[in-house]
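In what follows, a structure is listed as structure tokens, so that the remarks can point back to it.
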Amino acid sequence: MALVTIKTRTRLQTWTITQVSVEMATAPIGATCELRRNSFLVTPLISTGDAASGDPPVILRGSDVCTVRWAGATPGDVGRVLIFFDDGNEAQK
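For the sequence shown, this note's numbering gives the first residue as 1256, with consecutive numbering after it.
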């Protein structure tokens, strides 16, 4: 199993996640991948490469945790996650 945890930088922040892209190019057939928010399934993903996007966006508050979890992968497989989000900070735009 491989796990990536997604959290805001501080408990006072809120992120609006608009897309989560995953890739594990060497994942074997039968490997699974899923995006979860606070342990609840948001969407399953194709292990070797996929993107979760569209409405509604995932709202991540300071107490929330999102995870991307691959199961059935081979030891040594490397997973990558890219997250697009809006933190509401206009100064950085």
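All C-beta atoms in this analysis are idealised placements derived from N, C-alpha and C, irrespective of residue type, glycine included.
Quiz item: Is the beta carbon of V1277 sitting closer than 8 Å to the one on T1322?
Solution: Numbered from its first residue, the sequence shown carries residue 1277 at position 22. Numbered from its first residue, the sequence shown carries residue 1322 at position 67. No; because the gap between Cβ atoms is not below 8 Å, this pair is not in contact.
Quiz item: Do you know offhand how far M1256's Cα is from L1267's?
Solution: For the purposes of this step, residue 1256 is identified with residue 1 of the sequence shown, where counting begins at 1. For the purposes of this step, residue 1267 is identified with residue 12 of the sequence shown, where counting begins at 1. When rounded, the distance between both Cα atoms is 31 Å.
Quiz item: Any idea if A1307 is buried or exposed, counting beta-carbon neighbours within 10 angstroms, 16 or more meaning buried?
Solution: Translated into positions along the sequence shown, residue 1307 becomes position 52. A1307 is buried by the Cβ-count criterion.
Practice problem: Return the Cβ separation of E1289 and R1324 in integer angstroms, given the expectation that the two are a contact with Cβ distance under 8 Å. | Solution: In the sequence shown, residue 1289 corresponds to position 34, counting from 1. In the sequence shown, residue 1324 corresponds to position 69, counting from 1. Yes, E1289 and R1324 are in contact; Cβ-Cβ is about 6 Å, under 8 Å.
Practice problem: With DSSP as the reference, please indicate the residues paired to D1305 in a beta bridge. | Solution: In the sequence shown, counting from the first residue as 1, residue 1305 sits at position 50. In the DSSP output, where bridge partners are listed per residue, D1305 has V1277.
Quiz item: Looking at W1270 and T1281, is the spacing between their C-beta atoms short of 8 Å?
Solution: Counting from one through the sequence shown, the residue named residue 1281 turns up at place 26. Counting from one through the sequence shown, the residue named residue 1270 turns up at place 15. No.
Quiz item: What residue range is occupied by the uninterrupted beta strand (DSSP E) comprising E1289?
Solution: Your numbering for residue 1289 matches position 34 in the sequence shown. Element bounds for E1289: T1287 to R1292.
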